[in-house]
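Under the numbering used here, the letters of the sequence shown match residues 1339 to 1660, in that order. Glycine included, each C-beta is placed from N, C-alpha and C at the ideal position. In what follows, a single structure is set out as structure tokens and then discussed.
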Amino acid sequence: MILVTGGAGYIGSHCVKRLLDKGYAVVVIDNLSRGHRDAVLTGDFVHGSIGDRRILEEVFTRWPIEVVMHFSALAYVGESMERPAEYYENNVAQTLTLLTACRDYGVKYVIFSSTCATYGEVERVPITEDTPIAPLNPYGHSKRMVEVILEDFDRAYGIKSCIFRYFNAAGADPSGMLRERHQPETHLIPIVLEVAAGQREYVEIFGTDYPTPDGTCIRDYVHVNDLSDAHILGIEYLRSGSPSMIFNLGSEKGFSVREVIDTCECVTGRTILVKEGQRRPGDAPRLVAEATRAKTLLGWRPERSDLRTIVADAWHAMRCCR
Ligand SMILES: NC(=O)c1ccc[n+]([C@@H]2O[C@H](COP(=O)([O-])OP(=O)(O)OC[C@H]3O[C@@H](n4cnc5c(N)ncnc54)[C@H](O)[C@@H]3O)[C@@H](O)[C@H]2O)c1
């Protein structure tokens, strides 16, 4: 049985669908602070917080949990700068409660959603797992702290983990049943598509004077279903007795903000109104993954992470899904 924390959120809900499609038994815990109940496609749903020891005891007593996929977190960089206490409480302290319950109830494996924000402003791309860690904000620090806790829990209690450092998750399940629904939305592709759909007036580009070919920031977009597949491969990796490991998950290709907007115009056939704004503090010019380790050790093969497919799937889901 797999316990998915944050399974009502964007990536968690996609992973739950993928797990169910492949025949895994899944239970979701989510406090719905940021997620959507109707995105959870399994009946085994617990409305609660991962920091609530009593609820966790009920969950671990009722279901024989072998693997915990830990997606739940607060995940806005800007918000974390303004409200660090909430980020450390929710992402670190509550995760410690969850992991302690995992120890007490004999959970063997944990798969954790970390982030490329742990690397901070890198000097060189592509970014490997050995690139020095230097988070720039409480969100990135909170994720790094959990990585360290997992390393200690492996040494002391034998809980094995896959730590996945996602780059920019994007796209949607091609069925159109699920989509990205953050409120407020801060991710580029859904924002641009909201402009295309007439739900937003324009997209603001934060900085047009970066040292990149067109002056806008370059990011690595990875399809949410490819992320989900990596999680499923992670289960098999851990079950085979392999050691705990950190993996980058990205497409290994970088696209500028302008290239993303152009692709969205192409896919939707609509004109996107753009406003050029100032740089945001802490935005690195270029973040692109090297994901060789995931390909080699997990056999991960991203199948939908070309930008056009990502945008097409997101656009399809936006028009189909609630
Ligand atoms: N979206 C990305 O591009 C991206 C990139 C890197 C890492 N991540 C990480 O991946 C994970 C999922 O991201 P997402 O975009 O799906 O976020 P999301 O906000 O859509 O989902 C997070 C879910 O966790 C739930 N939650 C939050 N705190 C909780 C708590 N204490 N107890 C129970 N439930 C709680 C929320 O209600 C929400 O449903 C996060 O850990 C995030 O940091 C995301």
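Would you call the CB atoms of L1439 and E1395 closer than 9 Å?
Residue identity differs from the one stated: residue 1439 is Ala in this sequence, not Leu. Closer than 9 Å, so yes.
When DSSP builds the beta bridges, which residues end up paired with I1340?
V1364, V1405
Starting from the Cα of H1334, find the closest Cα among R1493, A1411, G1592, Q1521 and give me that residue.
Beyond the ends of the chain as shown, which are 1339 and 1660, falls residue 1334; an answer cannot be given.
Within 10 angstroms of the Cβ of D1558, are there 16 or more other Cβ atoms? Answer buried if so, exposed if not.
With a threshold of 16 other beta carbon atoms within 10 Å, D1558 meets it and is buried.
If you compare alpha carbons, which of A1363, Y1447, Y1348 is closest to R1577?
Y1447
Cβ-based burial, E1574 [other Cβ within 10 Å; buried from 16]
exposed
Using 9 Å as the threshold, is the C-beta distance between A1346 and G1389 below it?
no
Other residues of its chain near A1622: CB distance less than 6 Å, five sequence neighbours each side excluded:
E1459
Report buried or exposed for E1311, applying the criterion of at least 16 other Cβ atoms within 10 angstroms of its Cβ.
The structure shown does not extend to residue 1311, since the chain is modelled only from 1339 through 1660, so no value can be given for it.
For A1632, does the count of other Cβ atoms within 10 angstroms reach 16, so buried, or fall short, so exposed?
buried
Distance between R1441 and R1519 (C-alpha atoms, nearest Å)
33 Å
On the criterion of 16 or more Cβ atoms from any shown chain inside 10 Å, does C1454 qualify as buried, or is it exposed?
buried
V1406 vs I1449 beta-carbon contact at 9 Å:
yes
Please name the residue, chosen from H1654, D1368, L1625, that lies closest to E1461 on a Cα-to-Cα basis.
L1625
If you run the structure through DSSP and keep just helix, strand and coil, what is M1583?
strand
Since L1379 and K1355 should fall inside the 8 Å C-beta cutoff, what is the C-beta to C-beta distance between them, to a whole number of angstroms?
5 Å
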